[in-house]
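Reading the sequence shown from the start, the letters are residues 0 to 304 in numbering that gives the first Met the number 0.
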Amino acid sequence: MVVPVIDFSKLHGAERAETMAQIADGCENWGFFQLVNHGIPLELLDRVKKVCSESYRLREAAFRSSEPVQTLERLAEAERRGEAVAPVNDMDWEDIFYLHDDNQWPSDPPAFKETMREYRAELKKLAERVMEAMDENLGLDKGRMKAAFTGDGLHAPFFGTKVSHYPPCPRPDLITGLRAHTDAGGVILLFQDDKVGGLEVLKDGEWLDVQPLADAIVVNTGDQVEVLSNGRYRSAWHRVLPMRNGNRRSIASFYNPAFEVAISPAVGEGAAAAYPDYVFGDYMDVYNKQKFEAKEPRFEAVKQI
Numbered sequence: 000m001v002v003p004v005i006d007f008s009k010l011h012g013a014e015r016a017e018t019m020a021q022i023a024d025g026c027e028n029w030g031f032f033q034l035v036n037h038g039i040p041l042e043l044l045d046r047v048k049k050v051c052s053e054s055y056r057l058r059e060a061a062f063r064s065s066e067p068v069q070t071l072e073r074l075a076e077a078e079r080r081g082e083a084v085a086p087v088n089d090m091d092w093e094d095i096f097y098l099h100d101d102n103q104w105p106s107d108p109p110a111f112k113e114t115m116r117e118y119r120a121e122l123k124k125l126a127e128r129v130m131e132a133m134d135e136n137l138g139l140d141k142g143r144m145k146a147a148f149t150g151d152g153l154h155a156p157f158f159g160t161k162v163s164h165y166p167p168c169p170r171p172d173l174i175t176g177l178r179a180h181t182d183a184g185g186v187i188l189l190f191q192d193d194k195v196g197g198l199e200v201l202k203d204g205e206w207l208d209v210q211p212l213a214d215a216i217v218v219n220t221g222d223q224v225e226v227l228s229n230g231r232y233r234s235a236w237h238r239v240l241p242m243r244n245g246n247r248r249s250i251a252s253f254y255n256p257a258f259e260v261a262i263s264p265a266v267g268e269g270a271a272a273a274y275p276d277y278v279f280g281d282y283m284d285v286y287n288k289q290k291f292e293a294k295e296p297r298f299e300a301v302k303q304i
């Protein structure tokens, strides 16, 4: 099995119904799918790859002195002394920084800010087009998901970008690249490395590769889409495996509800809601403490807030 690959340009043409069915399958049966011909200029994607790779090169020395690297060195030294060692289960082999509208962005390389502003603007528009397709497939009014995430337009959605690199790992048997988790928010759009793999999604009890595909955008649904769809769409467990060779680049953008908005299942009159109503900021408080644990208790915990 491979993660569905969908030609998004066919959403407007003779193959629209088939394309909508493919999106529904990706949302309902996978929680993951890849978009090609998504409308984001390939020239822009090339610039994004370049500035993010250059940015990591400026951070590489700092990563070599980071806690994950030092931890593996200590474990390797313990092994050399003949001691038994266990894999690290509370740490990730990952170099990351975040971009959103209100934080400080790297100023080096010089083209980074301009390129990433342009990229984020394109990704935000793509996320909203994907959400409209989800609305239609769920039988909701156009714009319903965006309205839910913005409190009917009273608040701006939280749109953040996580720039990650997973450098070569000398002992992938002792640490994860990124621990298994579901995403807390709404719609996630990932521009992943097209040469170095490692991203896996859990489907039917089996971990499957999210195959690298040049210039594709990987889409996955977060916990809030699961709630809004009343469980018809499910947020998917995923992880990143560390690799001995290659430096994996990963740029994930999150179209999430505003922290102030109330989230509830979009159900018809008389239908039973399978999830509680809550404020998204309260859910994030719970998620930040339980990110790598089962998601169902998070929904239970937020009932009490």
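We put the CB at the ideal spot given by N, CA and C, even for glycine.
Fair warning: this is a prediction, and the values are worked out from it, not measured in the lab.
- Distance from Leu240 to Pro169 at the Cβ level is roughly 14 Å; contact not present, criterion being Cβ atoms closer than 8 Å.
- Met0 is classed as exposed because its beta carbon has fewer than 16 other beta carbons within 10 Å across all chains shown.
- Around Lys9, the same chain offers Thr18 as residues with beta carbons nearer than 6 Å, after the five sequence neighbours per side are excluded.
- In this chain, the beta strand (DSSP E) harbouring Gly159 covers Phe157 to Tyr165.
- Around the CB of Asp222, 16 or more other CB atoms lie within 10 Å, so the residue is classed as buried.
- By alpha-carbon distance to Ile216, the top candidate from Gly196, Val87, Asn229 and Gln191 is Gln191.
- At the C-beta level, Leu43 and Tyr118 come within 9 Å of one another.
- Exclusion of the five residues before and after Lys145 leaves Glu127 and Met130 as the residues of its chain whose Cβ lies within less than 7 Å of its Cβ.
- Cβ atoms of Lys161 and Tyr97 come within 8 Å of each other, at about 6 Å.
- Gly230 and Phe111 have their C-alpha atoms roughly 39 Å apart.
- In this structure Gln69 is exposed. Its beta-carbon is surrounded by fewer than 16 other beta-carbon atoms within 10 angstroms.
- Here Ala183 is buried, its C-beta having at least 16 other C-beta atoms within 10 Å.
- Under the three-state reduction of DSSP output, Arg170 falls in the coil class, being neither helix nor strand.
- Remark: C-beta atoms of Thr175 and Arg238 approach each other more closely than 9 Å.
- Ser54: member of the alpha helix (DSSP H) spanning Leu41 to Arg63, first to last residue.
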